[in-house]
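Asker: First residue of the sequence shown? That's 95 in our numbering, and the numbers climb one at a time after it.
All C-beta atoms in this analysis are idealised placements derived from N, C-alpha and C, irrespective of residue type, glycine included.
Only a predicted model underlies this, so the values are computations on that prediction, with no experimental measurement involved.
The structure under discussion is supplied below as structure tokens; questions concerning it will follow.
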Amino acid sequence: WLELRWILSCPRIRDVLCASAEDVLEALGPSPLKQKAARGFQWVRRTKPLPKLKEKRPAKGHEPEWCVMLHADRANPEDSGAESANEEVSGDGDNLEKSKDGEVPKCVVCRRQRPKSCFSKAQLTKHRRNPTCKDCVV
């Protein structure tokens with residue numbers, strides 16, 4: 095069983111389709127995948143083995159537009175349009191403080207740059223690439 099939050103953390107689901115949990119569960123309705131709710135979480139399970147891969151990954155330069163758009167900010171991080179660290183973008187009127195690497199943390203759910211105080215310590219650890227602010231944690 096795979097918890098639905100892992101499906102929602104997929105870059106294509108999260109950034110390109112901007113799908114919510116309800117959208118994903120609705121889309122899974124007619125599929126052969128099993129769904130269940132247990133302990134307050136949604137779970138999804140495959141009922142058949144994985145199908146054989148029909149197409150290979152496209153050659154570099156021939157990727158679909160959504161893929162190029164998704165990875166554009168990773169290729170040119172300085173061109174990502176991020177606001178300056180001194181600018182107030184959180185909407186809370188808080189000053190934004192930079193982390194050790196010089197970046198202001200950005201919530202992956204609400205997509206706002208937030209002060210470090212808006213995140214738990216665990217959300218700001220080095221291995222956590224996509225922190226979620228305290229307001230967006232369910």
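What beta strand (DSSP E) runs, 3 residues minimum, are completely inside the segment 116 to 156?
Answerer: Within the segment 116 to 156, the complete beta strand (DSSP E) runs of at least 3 residues are 128 to 132 and 135 to 139.
Asker: What is the DSSP secondary structure of residue 197, reduced to helix, strand or coil?
Answerer: Coil.
Asker: Is it buried or exposed, residue 213, if we count other Cβ atoms within 10 angstroms and call 16 or more buried?
Answerer: Under this definition residue 213 is a buried residue.
Asker: Mapping the DSSP letters down to three states, classify residue 98 as helix, strand or coil.
Answerer: Helix.
Asker: Note down the Cα distance separating residue 118 from residue 108, rounded to an integer number of angstroms.
Answerer: Approximately 11 Å, taken between the alpha carbons.
Asker: Please report the straight-line C-alpha distance between residue 98 and residue 138, rounded to a whole angstrom.
Answerer: Going by the C-alpha atoms only, they are around 7 Å apart.
Asker: Going by beta-carbon coordinates alone, are residue 226 and residue 202 separated by less than 7 Å?
Answerer: In contact: residue 226 and residue 202 (Cβ atoms closer than 7 Å).
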